[in-house]
Amino acid sequence: MDNNKRQEPRRGGGGPGMHHGLGQGEKAKNLKVALRKIGAYLKPYSFKLTVVLVFGIIATVFSIVGPKILAGATDEMVNGIIAKIQGTGGIDFTKIGQIVLMLAGLYLISMLFSFIQAWVVTDVAQKVSYNLRNEINEKVSRLPLKYFDTHPLGDTLSRVTNDVDTLAQSLNQALTQIVNSTITVIGVVVMMFTISYQMTLIAIIVIPVSFILIAIVMKFSQKYFTAQQKSLGGVNGQIEEIYGNHLIVKAYNGEQKAVSAFNKYNDELYDSAWISQFFSGLMRPITVFVGNVGYVAVTLVGGYLAHGGTITIGDIQAFIQYVNQINQPIGQIAQTMSLLQSTGAAAERIFEFLEESEMVESHTTVAPEAYDAIQGHVQFDHVHFGYNEGTTIINDFTMDIQAGQTVAIVGPTGAGKTTIVKLLMRFYELNGGAIKIDGHDIKDLSYHDLRDLFGMVLQDTWLFNGTIKDNLKYGRLDASEQEIEQAAKLAYVDHFVNTLEAGMDTQINEDSSNISQGQKQLLTIARAFLKDPKILILDEATSSVDTRTEVLIQKGMERLMEGRTSFIIAHRLSTIRNASKIIVLNQGDVVEVGSHEQLMANNGFYANLYNSQFSS
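In structure tokens:
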């Protein structure tokens, strides 16, 4: 898979099908499973990991033989001093110099191989995190809206940023430390046996003691590392929500409430982080303590053996160096085990997200010529839907809308107006019934092909960080300069764009705060003009503009709706008097259908709604 290539959406493209992940609220519990899944992501880099292993072995071996070689220099010096005292010789500095040069060369080679090893490990760790971020980004586009209805945005962002970063940093450290430390322990034990098996047995007997104690600590600490990652997601969610809506917070004097809510999440993070880091900090002192006990025992036995002439002073010096060397990698292994706790917790949250149930994508089975000939004849055939199981929002909704008709959907808040449109665009799957466009079930179209038929202008405007021109072209990237200018004129965007110094190249900042709400609305309307869709959806599109601009936009909207099927979600009933058909909803049921004049003459639910907006 080439992660550097962007795949453009294709008509008729299929999706991966349905996946089932961990349920919401379940906690990450199995470190082995998480590490096994990480291993699957490392598998494509088996060759590089083999290089890491081989170079680690070479670097470590060259480093390990150093004390043994240095022992020869020490013995040469001691023997030379003794010979000089006895008058039988002196110190052979030439031989000692050769030994020192050999030792320096070995250490330089060891450093070179360690550098290459670190470079390869960093490359592997960053590519794994790169691939994970790509998968998460692609996963977001395949998740149903229902997922985002039930999961905080901050928690999702935390998985993309904090958890992936934690995993990458941990892999970078763990891969090197595990290889080098394991090889060092094995190599040092072998070298120690070549000096004295008695001293070696005393030195290595403390190793299983350290690992047993570490395993006990790990068993109790894993749940706290998981809680720490989860709490971090909560803190991020709270920050994102408050900072993104700081004007509302200030307007309603909600600073104290926001601070209290943040403190609650922060306290949870503090408690879980404190306990997890406490357990993490225990591992190093445990290994140091056990190692020091072994060090004392080795020193006593070494002195006894040297007194008996079994080993030399140089051997004792080398052995003590090896004892110090073996304590360091054991401590690093303990630190790596602690690191794997946070790695496992982060990995499980990432894989939990990647294994969430996806939208079931389908190939477009409609022939290309039939798809191109779609006019916008929409049929709702006994549609049933509810956001939650056991709760029905839309009850047996049936409606036939001819191509080119303008249909207004009205009703009180919560009646199901917006839900109808979301079902039409297949943001949610139906519980029953079917929706057809020109006789084709919307399930026979891929998501891309289906939504390519629609243009939307919503009450909640959405613009991204970029130029005005980029925002207008969002729904149609191949639009020409002339088409962009024409769309801007039809939506009356050119009125305010011409007053800007950079014109169409004016940069809109991240939260679009450098233009007014009305100007944002005009830009989203122009974007719909430019896309020129088969079916148009308007959700109170003129709610954020002044009365004079609204009149101009209504004229532009009339031109835009000519010859195409249009759905208007109306709150202000005065804006839909000219609609071909008005559908009146109440609690998910169609209570009335007709033109404005017909419904007013019926003096029913619609008439009551209309009159209530104009009473006194």
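Residue numbers 35 to 650, in the working numbering, belong to the letters of the sequence shown in order.
Backbone N, C-alpha and C fix where the C-beta goes; we use that ideal spot for every residue, glycine too.
Hey, how far is the Cα of residue 70 from the Cα of residue 517?
53 Å
Given 8 Å as the limit, is there contact between the region 161-179 and the region 456-474, that is, 3 or more CB pairs closer than that?
yes
Start and end of the alpha helix (DSSP H) containing residue 503?
502-506
CB of residue 599 within 9 Å of CB of residue 417, strictly:
no
What are the uninterrupted segments assigned as alpha helix (DSSP H) that are 4 or more residues long and contained completely in the region 411-488, given in chain order?
451-458, 481-485
May I have the straight-line CA-CA distance separating residue 44 from residue 407, to the nearest angstrom?
With a pLDDT of 34 at residue 44, under the threshold of 50, the predicted position of this residue should be treated as unreliable, though the coordinate-derived value follows. Taking the straight line from one Cα to the other gives about 18 Å.
With a cut-off of 8 Å on the beta carbons, I'd call residue 478 and residue 394 a contact; round off their distance for me.
Not really, about 13 Å apart at Cβ, beyond 8 Å.
Express the C-alpha separation of residue 251 and residue 364 in angstroms, rounding to a whole number.
15 Å
Comparing C-alpha positions only, which one of 276, 501, 353 sits nearest to residue 337?
353
Using the three-state DSSP reduction, which class does residue 498 fall into: helix, strand or coil?
coil
Reference residue 261; option with closest CA among 287, 377, 504, 81:
377
Can you check which of these residues, 362, 198, 347, 554, is closest to residue 212 by C-alpha distance?
362
In chain order, which continuous runs of the beta strand (DSSP E) of length 3 or greater are located wholly inside the region 106-182?
none
Are residue 534 and residue 559 touching if we call contact CB-CB under 9 Å?
no
Compute the beta-carbon to beta-carbon distance between residue 610 and residue 616, rounded to the nearest angstrom, for a pair I have assumed lies under 8 Å.
6 Å
Span of the beta strand (DSSP E) around residue 615
615-620
Provide the residue span of the alpha helix (DSSP H) that contains residue 552, from first to last.
551-565
DSSP three-state label for residue 305, please.
helix
When you compare the CB positions of residue 564 and residue 507, do they come within less than 9 Å of one another, or not?
yes
What is the C-beta distance between residue 541 and residue 495, in whole angstroms, given that I count them as a contact (C-beta under 8 Å)?
With 8 Å as the limit, residue 541 and residue 495 do not qualify as a contact, their Cβ atoms being about 17 Å apart.
Quick one: grab the DSSP three-state call for residue 569.
strand
Residue 538 burial status per 10 Å Cβ neighbour count (16 or more: buried)
buried
Using the three-state DSSP reduction, which class does residue 395 fall into: helix, strand or coil?
coil
State yes or no: is the C-beta of residue 151 within less than 9 Å of the C-beta of residue 89?
yes
So what does DSSP say about residue 408, is it helix, strand or coil?
coil
Contacting residues, own chain, Cβ-Cβ under 7 Å from residue 160 (five flanking each side not counted):
202
In angstroms, rounded to a whole number, what distance separates the CA positions of residue 276 and residue 66?
37 Å
Pairwise C-alpha distance: residue 614 and residue 596:
12 Å
Hey, how far is the Cα of residue 206 from the Cα of residue 515?
48 Å
Rounded to the nearest angstrom, how far is the Cβ of residue 273 from that of residue 188, given a contact under 8 Å?
7 Å
I need the straight-line Cα distance from residue 631 to residue 638, nearest angstrom please.
12 Å
Within the same chain, show all residues whose beta-carbon is closer than 6 Å to that of residue 321, passing over the 5 residues directly before and after it, in chain order.
244, 364, 365, 368
For residue 210, which of 468, 148, 434, 549 has the nearest alpha-carbon?
148
Contacting residues, own chain, Cβ-Cβ under 8 Å from residue 344 (five flanking each side not counted)
230
Residue 600 (DSSP reduced to helix, strand or coil):
strand
Whole-angstrom distance between residue 248 and residue 156, CA atom to CA atom:
27 Å
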